[in-house]
Amino acid sequence: MVANQRFVFIGDSITQADKLEDSEHIGHGYVRYIKDYIAINQPEALPVFFNKGINGNRILDLEKRWEEDVLSLRPDLVSISIGINDVWRQLDNPDMEQVTPVIFREIYERLLTQVKINTEARIFLMEPTIIEESVEAKGNILLKDYVAVIHQLAKKHEAIVVPTHQVFIEYLQKPNHQVLTTDGVHMNSAGNMLMAQAWLKTYNNVI
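In structure tokens form, the structure reads like this:
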């Protein structure tokens, strides 16, 4: 890896993680942990990080800003973390227009195709994490179909899957597991650490 490659992380509030209160606009979540890890371990190859997470985003919202927030940045790596709100809105706001797994796949496919056509970026697809810290919670059951879509698209578009949902579910089954979120969705420091560790383990296996 060479220095100053352009790494774009795009997603929802889990990615945003108070970036507007951070002078570097990287936030205090998993993106910060990833940057700091590389800065400490490979300072000679430190990328330029762009945090393009926005609170409340679903895949519909990513599509609206894809050109400005991804393609125009000429990324060398694009990391996408989306799907939590696509499911959560089904639980907390069932009357709004919902993003089914079919719609999720159609939009995600268009986004990945645009990256492949317009850039030479490596693509990392992060599985959506969890909705409530219980393996059998309704949100986690619903997430399975969206995780499956991500794996199908990764195979088709030669993208790399970060198994964040799998890692979280496995962690929740360990004895004496710690709390990972502040509200069942948004990460505390342990949750951000687990996300960053999963991302970095995947990244280090492919570079």
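For the sequence shown, our numbering assigns the number 360 to the initial residue and increments by one for each residue that follows. Ideal Cβ positions, reconstructed from N, Cα and C, are used throughout, including at glycine. Owing to the predicted nature of the structure, the values given are computational and were not obtained by experimental measurement.
query: Cβ neighbour criterion (16 or more within 10 Å) applied to Met-455; result: exposed
query: Own chain residues within Cβ distance below 7 Å of Asp-428, not counting five before or after; result: Ile-369 and Lys-411
query: N-terminal and C-terminal residue of the alpha helix (DSSP H) that Ser-372 is part of; result: 372–375
query: Residues bridged to Thr-540 [DSSP beta-bridge criterion]; result: Met-546
query: Unbroken stretches of the alpha helix (DSSP H), 4 residues or longer, contained in the region 411–459; result: 418–423, 425–428 and 443–451
query: Any beta strand (DSSP E) of 3 or more consecutive residues that is wholly inside the region 463–503; result: 481–485
query: Classification of Ala-362 by the beta-carbon crowding that lies within 10 angstroms, buried from 16 upward; result: exposed
query: Cβ-based neighbour list, Ala-376, same chain, cut-off 6 Å, excluding 5 preceding and 5 following; result: Gly-386, His-387 and Gly-388
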